[in-house]
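In this text, residue positions in the sequence shown follow the working numbering: the first is 3, and each later residue adds one. Ideal Cβ positions, reconstructed from N, Cα and C, are used throughout, including at glycine.
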Amino acid sequence: MDELFDIVEDETLSLDDETENTKNNDIIDKTKNDSMLEKYGENLSVKTYVTNPAIAREKEIEKTILTILTPDKSAILVGKAGIGKTAIVEGIAYRVQNDNVPDALKGYNIIKVNTSSLLGTYITETGIEELRINVLLKEVEKEEKIILFIDEIHTLVIESRNSGVDFVNAMKPALSRGDVKVIGATTLDEYNQYLIRDKAFLRRFEKIDVAEPSAETTVQILMGSYPKIEKQTGVKLAYSSFVIENIMKFIVNMTSEYKRVYELGSRYPDNALSLLSKAFSYAKFDNSQFVTFKHIYKAIMNCQSVYSDVIKKEAEAFKEEFKDFLEKENVDLNDY
3 MDELFDIVED
13 ETLSLDDETE
23 NTKNNDIIDK
33 TKNDSMLEKY
43 GENLSVKTYV
53 TNPAIAREKE
63 IEKTILTILT
73 PDKSAILVGK
83 AGIGKTAIVE
93 GIAYRVQNDN
103 VPDALKGYNI
113 IKVNTSSLLG
123 TYITETGIEE
133 LRINVLLKEV
143 EKEEKIILFI
153 DEIHTLVIES
163 RNSGVDFVNA
173 MKPALSRGDV
183 KVIGATTLDE
193 YNQYLIRDKA
203 FLRRFEKIDV
213 AEPSAETTVQ
223 ILMGSYPKIE
233 KQTGVKLAYS
243 SFVIENIMKF
253 IVNMTSEYKR
263 VYELGSRYPD
273 NALSLLSKAF
283 SYAKFDNSQF
293 VTFKHIYKAI
303 MNCQSVYSDV
313 IKKEAEAFKE
323 EFKDFLEKEN
333 VDLNDY
């Protein structure tokens with residue numbers, strides 16, 4: 003995909019003209035006959051998913067689908083950072099791929115777009131210069147069976163203030179008619195700070211609260227997600243499902259709420275997944291085909307989302323809990 007701020011130079015423009023345009027955020031896309039959705043969007047409905055990306059999020063997915071099926075309504079997922087709001091949208095796309103959605107949603111494409119990609123203007127097929135946001139909305143209405151996913155949807159309000167392009171008012175008519183369906187995502191703080199003030203905009207949306215998953219649910223998420231990390235890295239966990247589940251429980255317990263660095267912003271499942279992913283990185287660094295206890299221990303010792311005194315205690319607990327396996331592997335973790 004082209005970069006979001008890809009400026010196609012025109013030989014007739016002088017350097018001064020280009021500089022002035024950039025200053026005014028008047029970023030002109032000279033590419034004709036290109037689809038805005040293809041050029042600036044990511045189609046989540048054709049993305050390859052190794053496993054279900056939205057494990058244990060059935061309720062949130064159902065609420066989002068029901069909202070999308072409601073005439074004149076779109077959805078906003080609201081929850082803390084790192085709890086898997088994007089994964090819920092990917093979970094809907096995954097269901098679309100598998101025809102596990104109501105008939106009314108079968109064949110839909112869920113397109114992720116960033117607010118920054120909608121800045122500036124666009125040269126249409128007829129040679130007319132239009133705001134990118136207007137071109138995109140027209141294309142969505144024309145194509146049909148399109149759902150836009152806008153992560154950090156509160157940036158629509160911020161960019162409306164900073165860029166001179168009123169994204170919010172540009173979208174209101176299409177949202178009101180139900181011609182454009184949107185799934186947005188934002189945190190509760192940003193929802194209250196930026197979006198709640200615009201009542202007319204919010205009337206077009208149904209708020210869907212996304213809670214942080216429990217420790218037990220996070221273990222399920224890790225168990226369902228590690229095959230994806232294996233696929234991405236080419237490295238496999240070297241143990242049986244029973245041992246792997248115990249490793250996941252340890253990771254989840256280590257990254258529980260009161261052990262996290264205050265206000266770091268990392269929550270379940272993001273912080274636990276980050277720790278697990280780091281173990282795979284250590285295995286790759288060692289040119290190993292398998293993640294072993296040594297690599298998991300290294301990831302624990304270098305975890306940045308929990309306090310340093312927690313790391314010391316958890317490192318000792320890790321040695322004790324998996325002592326038998328360490329002896330079998332003839333590994334002395336004190337060397338690391």
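Nearest CA to the CA of residue i: which residue from the options?
i, options, result
"LEU158", "ILE135, LYS147, SER47 and LYS144", "ILE135"
"GLU316", "ILE298, PRO175 and LYS330", "ILE298"
"LYS75", "GLY84, ASN102, LEU150 and VAL98", "LEU150"
"ILE2", "ARG269, ALA56 and PHE252", "Residue 2 is absent from the structure shown; the chain starts at 3 and stops at 338."
"SER227", "GLU247, ASP211, SER216 and GLU214", "GLU247"
"SER47", "GLY180, VAL91, ILE130 and SER162", "VAL91"
"LYS144", "ALA187, LEU39 and ILE223", "LEU39"
"THR50", "TYR42, ARG97, SER290 and ILE85", "ARG97"
What are the partner residues of residue i, as DSSP defines its beta bridges?
i, result
"GLU208", "ALA77"
"VAL333", "In the DSSP output, where bridge partners are listed per residue, VAL333 has none listed."
Evaluate residue i with the Cβ neighbour count: other Cβ atoms within 10 Å of its Cβ, from every protein chain shown; 16 or more gives buried, anything less gives exposed.
i, result
"THR72", "exposed"
"TYR124", "buried"
"ILE94", "buried"
"SER307", "buried"
"ASP272", "buried"
"THR257", "buried"
"PRO104", "exposed"
"GLU1", "Absent from the structure is residue 1, since the part of the chain shown begins at 3 and ends at 338."
"THR128", "exposed"
Check whether the Cβ atoms of residue i and residue j lie closer than 8 Å to each other.
i, j, result
"THR53", "LYS261", "no"
"GLY81", "THR219", "no"
"PHE207", "LYS174", "no"
"SER37", "GLU141", "yes"
"GLN79", "ILE185", "According to the sequence shown, residue 79 is Leu rather than Gln. Closer than 8 Å, so yes."
"ALA77", "ILE210", "yes"
"LYS300", "VAL237", "no"
"ARG205", "ALA83", "no"
"ASN111", "ASN194", "no"
"MET250", "VAL221", "yes"
"PHE282", "PHE324", "no"
"ASP395", "VAL245", "The first residue shown for the chain is 3 and the last is 338, placing residue 395 beyond what the model contains."
"ALA213", "VAL254", "no"
Any heavy atom of the ligand MN closer than 7 Å to the CB of residue i?
i, result
"LEU120", "Questions concerning the ligand MN fall outside what the structure shown contains, since it holds no ligand whatsoever."
- Where in the stretch 175-237 do unbroken runs of the beta strand (DSSP E), each at least 3 residues long, occur, reported from the N-terminal end onward? 183-188 and 207-211
- What are the complete alpha helix (DSSP H) segments, minimum 4 residues, inside the stretch 119-158? 134-145
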